[in-house]
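A.B. asks:
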Amino acid sequence: MQLDAPSPTRPLRHRLRSAACLLLASGACAGKATAQSGNTQLDTSTLFYTERGRTTVVEPMVRLTRSLSDGQSFSAQLVLDAMTGASPTGATPSKIAQTVTSASGSTSTTEALKVPVSPFRDFRGALDFDWVRPLGLVTPTTSAHVSRERDYRSLGASEVVSIDLMQRLTTLTVGGGYNSDEVTPIGGTPIGLSDGSVRTQGSNSKRVASGTIGLSRVLTRRWLVGVTGTRIAERGYLTEPYKVVSLLDSVGTPSDQLTEKRPESRSRSGIEASSAYHLDQDVVYTTYRYYWDDWGIRSHTLDFKYRHELGSTTYFTPHVRLYAQTQADFFSGGLQQGVPLPTFASADYRLGPLRSGTLGGTFGFHLPKSPGELTLRVEYIHQWGKGDRGDGETGDVEGPSDDHRSSVSSTVTHPTVAPVDIGTVVLGYSVGF
Amino acid sequence: MSSHRGVLGAALLIIVIAGMNGCAAMSVHPWDRDLLAEKKMKLVPSPTERAIDDHIYFSKEGSTGGQGVGGGGCGCN
């Protein structure tokens, strides 16, 4: 069965050029790759991120890749994050103004019906190194990572091996990684589900082991597909030390608050299916991911991009992303006062019945008489909670499960996720020399 | 749990279909791979954008992963 009839529109010299490129075993010489002719590649970008009324982030990134004649390449990447603004504490909004006294004695007041937030300022630096060394059909990639912020340090390494099979039409990828992180909350680590007045000093460890296996395959001359599965095991301090859970009185009004508490292990799994389809000039990218973990979160993510060529060096790529997750078993909009406390509880909206939609696009172009490619990406993200949109109706709370987290049945149904508007702009520049 | 089996089954089905399609894929001769050799013809066309997105959504949602291993942790308040 022949799926692809020979194209009568492609001239012979085009075919010969393709064959020559493949004989040289260099993907860089195909098509419009003249800009990538050098041995060194510089990629830079700057992310501007802002949430309405909350956090603002500026994140510059620079990545340098040096390729050697034997196919090896070394990459070094530096990312800096400057974060300012305010983050939701997890406390429940109230019909009256809330004044809270922290463990350090300072007080903060939140207006009526507003989501209680806590101001913060942080700076993060991250370094990543990659070493790619092709050995025939096998390509191992060794990576190392280190990042540091005021209250968090991460050290990690990973090894991923790609194996080309069936005349390079199929690629099998297998890999694993390990991160050793340390969480050192400012002001000490509070005891979970307490008033936060007692704190221990020092750092808390968090270990993250991950594994992946994937298969990508050329289906036709225009179509490439892939499936990747990942498994992540986290152990250690997984609680957010600055988040709280409100205590609600008999009519649901917040009267006090406790620090949150999460389990000390989490197993996360995901399967992602991807497709890239080449039309006459344009390319359609589609990705779907299903995710589940043992905290009770399940999620679906659908991502769609369409790269539309506007000219030989100019393109526009619209992007749509849709996301939906169920809430964690111990997620709570507030704990009822006077009822025995559950084993675990968190009001972090990221563990709630969250929905998210992204709309945006990337414009790529070359400046006249200048090497390299410039990109400008602008996106809008809207997050909301299932059942919480608009009028603040109550969210859905599933029945208690049959494990230790069933003690959350004492939680009170309450509006859980306040809508968030996020805008992002990414400026990028890539050049080979 | 049954939903997980369903998803895993679907993933296996895709792999099997991809494998069964081997004969068709074999018709993609080396001299017919000009489109596949283009830089934009990748499942992740821009690793830089992907890394930025992974960091954003890791800090704003309850899910992560799906592609690759390693990478940096963060406090992500």
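Heads up: the sequence lines are chains A and B, in that order. If you read the first sequence in my numbering, its first letter stands for residue 1, the second for the next number, and so on. If you read the second sequence in my numbering, its first letter stands for residue 1001, the second for the next number, and so on. Glycine included, C-beta positions come from ideal geometry on N, C-alpha and C.
If you measure between the beta carbons of V58/A and A82/A, is that distance less than 7 Å?
C.D. replies: Their beta carbons are under 7 Å apart, which means V58/A touches A82/A by this criterion.
A.B. asks: Contact between the segment 227–242 of chain A and the segment 195–212 of chain A is defined here as three or more beta-carbon pairs at a separation below 8 Å; is this criterion met?
C.D. replies: Output reads yes: the segment 195–212 of chain A touches the segment 227–242 of chain A.
A.B. asks: Across the segment 282–290 of chain A and the segment 300–314 of chain A, are there enough close Cβ pairs to call them in contact, namely three or more that are closer than 8 Å?
C.D. replies: Yes: at least three Cβ pairs fall under 8 Å.
A.B. asks: Nearest CA to the CA of P88/A: which residue from A324/A, W295/A, E240/A, V132/A?
C.D. replies: Closest by alpha carbon: E240/A.
A.B. asks: Excluding the five sequence neighbours on either side, which residues of its own chain have a C-beta within less than 7 Å of the C-beta of V79/A, listed in chain order?
C.D. replies: So the qualifying residues of the chain are E59, M61, A126.
A.B. asks: Runs of 4 residues minimum, wholly inside the segment 260–313 of chain A: which ones carry the alpha helix (DSSP H) assignment?
C.D. replies: Within the segment 260–313 of chain A, no complete alpha helix (DSSP H) run reaches 4 residues.
A.B. asks: Out of F363/A, V115/A, T184/A, V218/A, point me to the one whose CA is closest to R52/A's CA.
C.D. replies: Comparing Cα positions, the closest option is V115/A.
A.B. asks: So, do the segment 193–201 of chain A and the segment 140–156 of chain A have three or more beta carbon pairs nearer to each other than 8 Å?
C.D. replies: Touching, no, given that fewer than three Cβ pairs across the two stretches are closer than 8 Å.
A.B. asks: Just the C-alpha distance for G187/A and T46/A, rounded to the nearest angstrom, thanks.
C.D. replies: Taking the straight line joining both Cα atoms gives about 32 Å.
A.B. asks: According to the neighbour-count rule (16 or more other Cβ atoms, all chains shown, within 10 Å of its Cβ), is R63/A buried or exposed?
C.D. replies: Buried: at least 16 other Cβ atoms inside 10 Å.
A.B. asks: Which of the residues in the segment 262–277 of chain A, read from start to end, lie with their CB under 7 Å from any CB of chain B?
C.D. replies: So the close ones are R268, G270, I271, E272, A273, S274, A276.
A.B. asks: What does A328/A touch in chain D if you count any residue whose Cβ is under 8 Å from its own?
C.D. replies: Given the protein chain composition of this structure (A and B), no chain D is represented.
A.B. asks: Which one of L1036/B, D1032/B, E1049/B has the shortest CA to CA distance from T375/A?
C.D. replies: Cα-wise, what sits closest to T375/A is E1049/B.
A.B. asks: Below 8 Å, how does it come out for the segment 333–340 of chain A and the segment 365–383 of chain A: are there three or more Cβ pairs, yes or no?
C.D. replies: Counting Cβ pairs under 8 Å, fewer than three are found: no touch.
A.B. asks: I'd like to know whether the C-beta of T259/A is nearer than 7 Å to at least one C-beta of chain B.
C.D. replies: T259/A does not count as touching chain B.
A.B. asks: Does the CB of D1054/B have a neighbour CB from chain A at under 7 Å?
C.D. replies: Chain A contact via Cβ: absent.
A.B. asks: I'd like to know whether the C-beta of R221/A is nearer than 7 Å to at least one C-beta of chain B.
C.D. replies: Chain B, which has a Cβ nearer than 7 Å to the Cβ of R221/A, makes this yes.
A.B. asks: State buried or exposed for S210/A, treating a residue as buried only when at least 16 other CB atoms are found within 10 Å of its CB.
C.D. replies: Buried: at least 16 other Cβ atoms inside 10 Å.
A.B. asks: From the beta carbon of G226/A, is the nearest beta carbon of chain B less than 7 Å away?
C.D. replies: G226/A counts as touching chain B.
A.B. asks: Taking just the CA atoms, how far does V227/A sit from I271/A?
C.D. replies: C-alpha separation (whole angstroms): 7 Å.
A.B. asks: Might you give, ordered along the chain, the residues of its own chain that have their beta carbon closer than 6 Å to the beta carbon of T171/A, omitting 5 neighbours on each side?
C.D. replies: Result list for T171/A: S162, D164, S216, in chain order.
A.B. asks: Determine the direct distance from the alpha carbon of D130/A to that of Q72/A, and round the result to whole angstroms.
C.D. replies: Near 10 Å, if we compare the C-alpha coordinates of D130/A and Q72/A.
A.B. asks: List the DSSP bridge partners of M61/A.
C.D. replies: Answer is S45/A, V79/A.
A.B. asks: Quick test of your reading: S332/A and D294/A, contact by CB under 8 Å. State the CB separation rounded to the nearest angstrom.
C.D. replies: Wrong, their Cβ atoms sit about 18 Å apart, outside the cutoff.
A.B. asks: For the candidate residues H319/A, S299/A, S94/A, F365/A, whose alpha-carbon lies nearest to that of L310/A?
C.D. replies: Looking at the Cα atoms, F365/A is the closest of the given residues.
A.B. asks: Taking 7 Å as the threshold (C-beta atoms), are R148/A and E182/A in contact?
C.D. replies: No.
A.B. asks: Considering just the uninterrupted stretch of the alpha helix (DSSP H) at E1049/B, what are its terminal residues?
C.D. replies: Segment 1047–1060, the alpha helix (DSSP H) holding E1049/B.
A.B. asks: Judging by CA-CA distance, which residue of F316/A, P419/A, H278/A is the nearest neighbour of G361/A?
C.D. replies: It is F316/A.
A.B. asks: Since I believe G1062/B is in contact with L351/A (beta carbons under 8 Å), could you give me their beta-carbon distance rounded to a whole number of angstroms?
C.D. replies: Their Cβ separation, rounded to whole angstroms, is 5 Å, which keeps L351/A and G1062/B in contact under 8 Å.
A.B. asks: Nearest to E111/A by CA position, among L335/A, S430/A, I381/A, Q98/A, is which residue?
C.D. replies: The shortest C-alpha separation from E111/A is found at Q98/A.
A.B. asks: Of the residues that make up the segment 185–203 of chain A, which ones have a beta carbon closer than 8 Å to any beta carbon in chain B?
C.D. replies: If the cut-off is 8 Å between Cβ atoms, the segment 185–203 of chain A has nothing near chain B.
A.B. asks: If you run the structure through DSSP and keep just helix, strand and coil, what is P1030/B?
C.D. replies: It is helical.
A.B. asks: Taking CB distances under 7 Å as the criterion, tell me whether R54/A reaches chain B.
C.D. replies: R54/A does not count as touching chain B.
A.B. asks: For chain B, is any of its Cβ atoms less than 7 Å away from the one on Y291/A?
C.D. replies: Taking Cβ atoms only, chain B reaches closer than 7 Å to Y291/A, which makes this a yes.
A.B. asks: Quick one: list the residues of chain B neighbouring Y285/A, beta-carbon separation under 8 Å, in chain order.
C.D. replies: Within chain B, the residues near Y285/A are L1043, P1045.
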